[in-house]
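Inspection log for the structure reproduced underneath, given as structure tokens.
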Amino acid sequence: MGDLTMTYDPWSPHFVADPYPAYEVLRRERPVFFDEPTGQWVVSRHADVNALLRDRRLGRSYLHVATHEEFGRPPEPDFLAPFWNLIRAGMLDVEPPDHTRLRRLVSKAFTPRMVEGLRPRVRELAAGLVGGLVERGGGDLLAEVAEPLPVTVIAELLGIPEGDRHLLRPWSADICGMYELNPPAEVQHTAVRAAVEFSDYLRGLARRPRGDDLIGALAAVDGLTEDELVGTCVLLLNAGHEATVNATGNAWWALFRNPGELARLRADPGLIPTAVEELLRYDTPAPMFERWVLEDVEVAGVRVPRGAEVALQFASANRDPEVFANPDTLDLSRTPNPHIGFGAGIHFCLGAPLARIELAESMAALLRAAPNLRPVAEPTWKPGFILRGLESLPVVV
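Per UniProt numbering, residue 1 is the first one in the sequence shown, and the count goes up by one each step.
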């Protein structure tokens, strides 16, 4: 595996730009292996990734069953406490019974009916943003459409005043920097500062008299503490736009590289629902999620010990030929499409219905108002791999 294109290396710009040749080799030759540089067990086949996401012998955290020391891990530095206190007050990094309780409480406010009720507003916002892009004759699709849409939707949903919304994206990006592999000290300190500022801001907001927004609805939920309310809002903001921005950029770059499929979509916008699923499969914006092994497990005949960390390769699973015919072909009418872009099991993405609406409505607006949309140049990929997306996507209309 000496060829650069065939090596698993989440820090390499070559790998980040196109991990799929390496994944093909891994699925065939090393579906489960210990990767020395990351200190993780890498799992690349759909069947294994899907099974482990549902396996209660693994968890997003181990702190409900052991201390860091008991688990063979170094204790967290004291300066990171404000960051982890905030993150662990949300549901992403906790396990049952806390996770079950939190998810049930948040689901009372974040109902499918409420989310579907947002569609007309998402459509209106998408039309306005795309209209601006068209008027200017083009621009950066990410900065001018993909970013402001989900940020505005989640900010309106939470009831964040318009004058404060410019703060959200930088806070969110700084916090999400901690999710990359072995973040440097500078990134860690930046994440802590953002966590403190964001928490303080949301606490102040939650203590004001509320209207009929989501912060008000969460504040009214019996049994949800203020810390949990703040942690949940941060999770909704981070997950609610970091991944959606990348999904939009990755999707349009995939369409531009597959002009036959883009022409099909332009001719038949009725394909949008299946197109959204296929684009999430084809170039997954969250290509990898980690889990801790709470009890020894056997994966594809390999024993993975308690205390290990596994790196579940969603992007590889979504290109597995055992599950998807012609997996490297973009087919916007692909059905069935059991991709795991939103995860599986108890941590399945709570925001998936909203993400689907945002992706579908921004796509429809762009197809309608910018039928000749095309890229100006080949974009570059951001250096991170856990949240994989483009730096920018300059287009002309």
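Ideal Cβ placement from N, Cα and C applies to all residues, glycine included.
Quick caveat: nothing in here was measured; it's all calculated off a predicted structure.
Given ALA194, which residues of its chain have a CB within under 6 Å of its CB, disregarding the five upstream and five downstream residues?
TRP171, ASP174, ILE175
Quick one: complete alpha helix (DSSP H) runs, 4+ long, within the region 283–371?
314–317, 352–369
Are the region 64–71 and the region 185–200 touching, with three or more C-beta to C-beta distances below 8 Å?
no
Expressed to the nearest angstrom, what Euclidean distance is found between the alpha-carbon atoms of GLY137 and ALA243?
27 Å
For MET1, is the classification buried or exposed, using 16 other Cβ atoms within 10 angstroms of its Cβ as the cut-off for buried?
For MET1, the predicted model reports a pLDDT of 42, less than 50, meaning its position is unreliable; a value from the coordinates is still stated below. By the neighbour-count rule (16 or more Cβ atoms within 10 Å), MET1 is not buried but exposed.
Output the distance between the C-alpha atoms of PRO21 and VAL310, rounded to the nearest integer angstrom.
21 Å
In this structure, does DSSP put ARG388 in helix, strand or coil?
coil
Write down the C-beta distance between LEU366 and LEU373 rounded to the nearest angstrom, noting that I regard them as a contact closer than 8 Å.
6 Å
Could you have a look at PRO383 and say whether DSSP puts it in helix, strand or coil?
coil
Using only CA atoms, which one of PRO273, LEU312, ILE357 lies nearest to LEU334?
The identity of residue 334 in the sequence shown is Arg, whereas the question assumes Leu. Answer by Cα proximity: PRO273.
Would you identify the three-state DSSP class for ARG104, choosing helix, strand or coil?
helix
Indicate the three-state DSSP secondary structure (helix, strand or coil) for ARG119 in the structure shown.
helix
Please return the same chain residues whose Cβ sits closer than 6 Å to the Cβ of ALA251, not counting the five positions on each side in sequence.
LEU279
With a threshold of 8 Å, are at least 3 pairs of Cβ atoms found where one atom belongs to the region 56–65 and the other to the region 205–222?
no
According to DSSP, PRO375 sits in a beta bridge with which residue or residues?
VAL395
For LEU86 versus LEU158, is the C-beta spacing smaller than 7 Å?
no
Which of the three DSSP states, helix, strand or coil, is assigned to VAL192?
helix
Which whole-angstrom value is the C-beta distance of LEU149 and LEU129, which I expect to be below 8 Å?
6 Å
Is it buried or exposed for PHE348, if we count other Cβ within 10 angstroms and need 16 for buried?
exposed
Can you tell me which of THR7, TYR8, ASP18 puts its alpha carbon nearest to the alpha carbon of PRO379?
ASP18
Could you tell me the boundaries of the beta strand (DSSP E) in which ARG41 lies?
The question names Arg, yet the displayed sequence has Trp at residue 41. Start and end: 40–43.
What does the alpha-carbon distance come out to for the pair ASP140 and ALA300?
44 Å
Pull up the distance between the alpha-carbon of TRP11 and that of LEU235, whole angstroms please.
25 Å
Using a 10 Å radius around the Cβ and a threshold of 16 neighbouring Cβ atoms, would you call PHE79 buried or exposed?
exposed
Give the single residue among ALA275, ARG54, GLU180, LEU133 whose Cα lies nearest to the Cα of ALA247.
ALA275
Using 10 angstroms around the beta-carbon of PRO285, count the other beta-carbons present and answer buried if the total reaches 16, otherwise exposed.
buried
Which of helix, strand or coil DSSP assigns to LEU58:
strand
Would you say the region 222–238 touches the region 256–270, given that touching needs at least three Cβ pairs under 8 Å?
no
Own chain, CB closer than 8 Å to LEU4, minus 5 neighbours either side, in chain order:
Confidence at LEU4 is low in this model, with a pLDDT of 47, below 50, so the placement of that residue should be treated as unreliable; the coordinate-derived value is given next. Answer for LEU4: SER12, HIS14, listed in chain order.
Since VAL122 contacts GLU361 with CB under 8 Å, what's their CB separation in whole angstroms?
5 Å
At the level of alpha carbons, what is the spacing between LEU294 and GLY211?
43 Å
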